[in-house]
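Taking it in order: structure first as structure tokens, then the write-up.
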Amino acid sequence: MTQDRLAPYATLLLRVSLGLMFLAHGFLMKVLTFGLSGTMGYFGSLGYPPVFGAIVAIAETLAGIALILGVWTRAVSLLTLPILIGALLQHTGNGWVFSARGGGWEFPAFWIVAMLVQAGLGAGAHALDLGRLTGRRPAIA
Numbered sequence: 064m065t066q067d068r069l070a071p072y073a074t075l076l077l078r079v080s081l082g083l084m085f086l087a088h089g090f091l092m093k094v095l096t097f098g099l100s101g102t103m104g105y106f107g108s109l110g111y112p113p114v115f116g117a118i119v120a121i122a123e124t125l126a127g128i129a130l131i132l133g134v135w136t137r138a139v140s141l142l143t144l145p146i147l148i149g150a151l152l153q154h155t156g157n158g159w160v161f162s163a164r165g166g167g168w169e170f171p172a173f174w175i176v177a178m179l180v181q182a183g184l185g186a187g188a189h190a191l192d193l194g195r196l197t198g199r200r201p202a203i204a
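Residue numbers (the working numbering): 64 to 204.
Here it is in structure tokens:
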């Protein structure tokens, strides 16, 4: 186990970075840039129920906010995995480089690993501990 006094701050940096990435993908791209109707149309064009586009956009936005604030970090990190695994499966046939046509699979694969690391590390420094404020803790704190 890491005993370094800087580990909580490194964990904070990872948590906030991942949260910002989820906000960029969920809110900035799927909500503000494409709009929920555009995102839903894209998901429909891939053969998924269009409502999945809205669900993913909202889930990514909420996950980003929760990670930045440090709210239920471990649970949120694990709950993002189905979205990321779906993205990985969608990009698997496009090859390695994410800048290739259709995007490659290495970015979603790395993001899955990073979320597993975050789940293992917990929230780190400067996290909003809602469990302490409410007297209740989630099953995975």
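Even glycine gets a Cβ: it sits at the ideal position worked out from N, Cα and C.
Bear in mind that the values here come from a model prediction, so they are computed numbers and not experimental data.
C-alpha distance - residue i paired with residue j, whole-angstrom precision
i           : j           : result
residue 125 : residue 181 : 16 angstroms
residue 163 : residue 170 : 12 angstroms
residue 100 : residue 107 : 10 angstroms
residue 184 : residue 152 : 26 angstroms
When the options are compared against residue i, the one with the closest alpha-carbon
i           : options            : result
residue 134 : 186, 70, 176, 68   : 186
residue 93  : 105, 129, 120, 143 : 120
residue 145 : 174, 71, 68, 136   : 174
residue 190 : 167, 150, 128, 112 : 128
residue 179 : 102, 148, 188, 165 : 148
residue 154 : 109, 131, 140, 113 : 109
Cβ pair residue i, residue j closer than 9 angstroms
i           : j           : result
residue 160 : residue 167 : yes
residue 102 : residue 117 : yes
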